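Undergrad: Below are the structure tokens for one structure; questions will follow.
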Amino acid sequence: MGKAAPAAAIFGCSGTTLTAAEKRFFADVRPVGLILFARNCREPQQVRKLVAAFRKAVGCADAPVLIDQEGGRVQRLNPPHWRAAPAAAAFASLARRDQALAVETVRLNARLIAAELADLGITVNCAPVLDVPQPDAHRIIGDRAFGGDAQTVAALGTAACEGFLAHGILPVIKHIPGHGRARADSHQALPRVAADEGTLAAVDFAPFRALRGMPWAMTAHVVYEALDRDHPATTSARVIAKAIRGAIGFEGVLVSDDIGMKALTGPFDKRAASALAAGCDLVLHCSGVLAEMRAVAAGAGRLRSDAAARLQRGEAMRRKPGPWDGGAAKARLDEIMTANAMA
386 MGKAAPAAAI FGCSGTTLTA AEKRFFADVR PVGLILFARN CREPQQVRKL
436 VAAFRKAVGC ADAPVLIDQE GGRVQRLNPP HWRAAPAAAA FASLARRDQA
486 LAVETVRLNA RLIAAELADL GITVNCAPVL DVPQPDAHRI IGDRAFGGDA
536 QTVAALGTAA CEGFLAHGIL PVIKHIPGHG RARADSHQAL PRVAADEGTL
586 AAVDFAPFRA LRGMPWAMTA HVVYEALDRD HPATTSARVI AKAIRGAIGF
636 EGVLVSDDIG MKALTGPFDK RAASALAAGC DLVLHCSGVL AEMRAVAAGA
686 GRLRSDAAAR LQRGEAMRRK PGPWDGGAAK ARLDEIMTAN AMA
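Numbering (the working numbering), first residue to last: 386 to 728.
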């Protein structure tokens with residue numbers, strides 16, 4: 386008799402090493418993956434050991450390890466051990482002058498990020514942001530986006546994904562089907578978007594539709610009143626079926642945003658169960674608080690066969706990096722960004 390399927394969850398952990406209780410929990414529950422934050426990343430060798438310890442605990446040598454390394458104000462690996470990557474808005478600024486050069490630069494930057502992740506054993510990056518921020522929106526997206534028009538966001542988002550994939554890192558497009566109109570920070574409250582379905586399809590959905598072939602996507606904890614007045618996308622079967630799987634056509638791994646965010650309410654087991662019942666493949670829980678993690682695991686249950694198939698298809702997109710001069714790439718990137726800042 387084979388092993389039971391892993392838990393349909395990705396968890397954080399509390400510190401720079403796994404505690405004995407975390408090791409027991411991971412061995413028992415066997416979540417699909419681990420997500421790292423700045424609290425978990427002190428220096429390269431420590432991160433490699435932490436990644437290896439997680440994979441040993443779950444008994445899977447290639448279990449996905451995720452991180453949010455967007456650049457700008459959202460990056461978990463920071464100097465002095467890792468490069469401070471520019472925010473997406475810096476590339477949007479360049480694109481206004483020369484979109485082809487911006488595409489090249491985004492691709493270089495993404496590959497530099499990917500090389501740092503691969504060196505640590507991290508295999509999935511929760512980037513790029515494909516949201517199209519609107520003038521009256523909350524700043525939570527802001528400079529994390531590749532500009533304010535869907536075409537530029539799609540072009541630069543495609544370049545970012547190409548850069549990540551070129552160095553063996555799977556990208557996670559987010560926050561599907563679009564966080565750019567939210568007037569609240571979903572970390573703190575539940576945003577509601579009143580735009581009609583046609584506007585959403587033409588603007589917010591467009592970058593995600595352009596990148597619908599990517600391996601992973603992360604949901605938005607946002608209510609889209611034109612689609613479902615009662616539930617945010619993460620727990621809305623209608624939004625997932627009609628917008629994400631339907632209008633956008635995304636067929637990859639769908640992971641929730643962090644179910645610990647205040648946009649969602651209720652016990653953690655019910656949050657997890659609701660997201661999966663709506664059509665998410667995996668739930669994400671980030672705090673590293675073990676009591677919450679136990680509740681999430683109970684609500685999540687085991688990975689479904691269709692979700693497992695999507696994970697396998699995503700892994701098939703992973704490429705072995707070819708010859709590449711990272712030093713030359715960084716020098717080229719720095720040259721372009723310096724010239725753009727002086728323009």
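The C-beta atom is built at its ideal place from N, Cα and C for all residues, glycine as well.
These numbers come from a predicted model, not from an experiment.
Under 8 Å, do glycine 542 and isoleucine 558 count as touching if we go by C-beta distance?
TA: Position 157 of the sequence shown, counting from 1, holds the residue named residue 542. Position 173 of the sequence shown, counting from 1, holds the residue named residue 558. In this structure, isoleucine 558 lies closer than 8 Å to glycine 542 by Cβ.
Undergrad: With contact counted as at least three CB pairs below 8 Å, one residue from each stretch, are the segment 568-575 and the segment 584-603 in contact?
TA: no
Undergrad: Would the segment 686-695 count as touching the segment 707-716 if we require 3 or more Cβ pairs under 8 Å?
TA: Short answer: they don't touch.
Undergrad: Quick check: the Cα distance between glycine 711 and threonine 490, rounded to an integer number of angstroms?
TA: Numbered from its first residue, the sequence shown carries residue 711 at position 326. Numbered from its first residue, the sequence shown carries residue 490 at position 105. Near 13 Å, if we compare the C-alpha coordinates of threonine 490 and glycine 711.
Undergrad: Identify, in the order they occur along the chain, each residue of the same chain with its Cβ nearer than 7 Å to the Cβ of threonine 723, setting aside the five sequence neighbours on each side.
TA: In the sequence shown, the residue the question calls residue 723 occupies position 338. Around threonine 723: no qualifying Cβ.
Undergrad: Under a CB-based cut-off of 8 Å, is glutamate 455 close to chain E?
TA: Here chain E cannot be found, since the structure has a single protein chain.
Undergrad: Going by the CB atoms, is the gap between glycine 664 and proline 600 shorter than 8 Å?
TA: The residue given as residue 600 occupies position 215 in the sequence shown. The residue given as residue 664 occupies position 279 in the sequence shown. For proline 600 and glycine 664, no; Cβs fall outside 8 Å.
Undergrad: Express the C-alpha separation of aspartate 581 and proline 706 in angstroms, rounding to a whole number.
TA: Reading the sequence shown from its first residue, position 321 is the one you call residue 706. Reading the sequence shown from its first residue, position 196 is the one you call residue 581. The straight-line gap from Cα to Cα measures roughly 43 Å.
Undergrad: Less than 8 Å between the C-beta atoms of alanine 442 and leucine 667, yes or no?
TA: Within the sequence shown, numbered from 1, the residue matching residue 442 stands at position 57. Within the sequence shown, numbered from 1, the residue matching residue 667 stands at position 282. Taking a C-beta distance under 8 Å as the contact criterion, alanine 442 and leucine 667 do not qualify as a contact pair.
Undergrad: So glycine 400 and arginine 424 are supposed to be a Cβ contact under 8 Å. How far apart are they, rounded?
TA: Within the sequence shown, residue 400 is the residue found at index 15, counting from 1. Within the sequence shown, residue 424 is the residue found at index 39, counting from 1. Indeed they touch by this definition, with Cβ atoms about 6 Å apart.
Undergrad: According to DSSP, what are the bridge partners of isoleucine 452?
TA: Residue 452 sits at position 67 when you count from the first residue of the sequence shown. BP columns for isoleucine 452 point to Leu421 and Asn510.
Undergrad: Let's test the definition: count the other Cβ atoms within 10 Å of the Cβ of proline 449 and tell me whether it reaches 16, buried, or not, exposed.
TA: For this step, residue 449 is matched to residue 64 along the sequence shown. Buried, because 16 or more other Cβ atoms sit within 10 Å of the Cβ of proline 449.
Undergrad: Just to confirm the assignment, what range does the beta strand (DSSP E) spanning serine 641 have?
TA: On the sequence shown, position 256 is the one that residue 641 refers to. Note, serine 641: beta strand (DSSP E), 638-643.
Undergrad: What's the gap between the Cα of phenylalanine 635 and the Cα of glycine 598?
TA: Along the sequence shown, read from residue 1 onward, the residue named residue 635 stands at position 250. Along the sequence shown, read from residue 1 onward, the residue named residue 598 stands at position 213. Between phenylalanine 635 and glycine 598, the C-alpha separation is close to 7 Å.
Undergrad: Since I believe glycine 532 is in contact with arginine 492 (beta carbons under 8 Å), could you give me their beta-carbon distance rounded to a whole number of angstroms?
TA: Here residue 492 refers to the residue found at position 107 of the sequence shown. Here residue 532 refers to the residue found at position 147 of the sequence shown. In fact, because the Cβ distance is near 16 Å, the residues do not count as touching under 8 Å.
Undergrad: Who are the Cβ neighbours of arginine 704 in its own chain at under 7 Å, not counting the five residues just before and after it?
TA: Looking up residue 704 in the sequence shown gives position 319. Here the set comprises Leu550, Ala551 and Gly553.
Undergrad: What does glutamine 460 pair with, by DSSP beta-bridge criteria?
TA: Within the sequence shown, numbered from 1, the residue matching residue 460 stands at position 75. Bridge partners of glutamine 460: Gln454.
Undergrad: Please determine, among Arg623, Val607 and Ala500, the residue with the shortest C-alpha to C-alpha distance to proline 617.
TA: Counted from its first residue, the sequence shown places residue 617 at position 232. The shortest Cα separation from proline 617 among Arg623, Val607 and Ala500 belongs to Val607.
Undergrad: Do you know how far the Cα of isoleucine 721 is from the Cα of proline 562?
TA: Residue numbering aside, residue 562 sits at position 177 when the sequence shown is read from its first letter. Residue numbering aside, residue 721 sits at position 336 when the sequence shown is read from its first letter. Roughly 32 Å between the two C-alpha positions.
Undergrad: How would you write the range of the alpha helix (DSSP H) that methionine 678 sits in, first residue to last?
TA: In the sequence shown, counting from the first residue as 1, residue 678 sits at position 293. Segment 675-685, the alpha helix (DSSP H) holding methionine 678.
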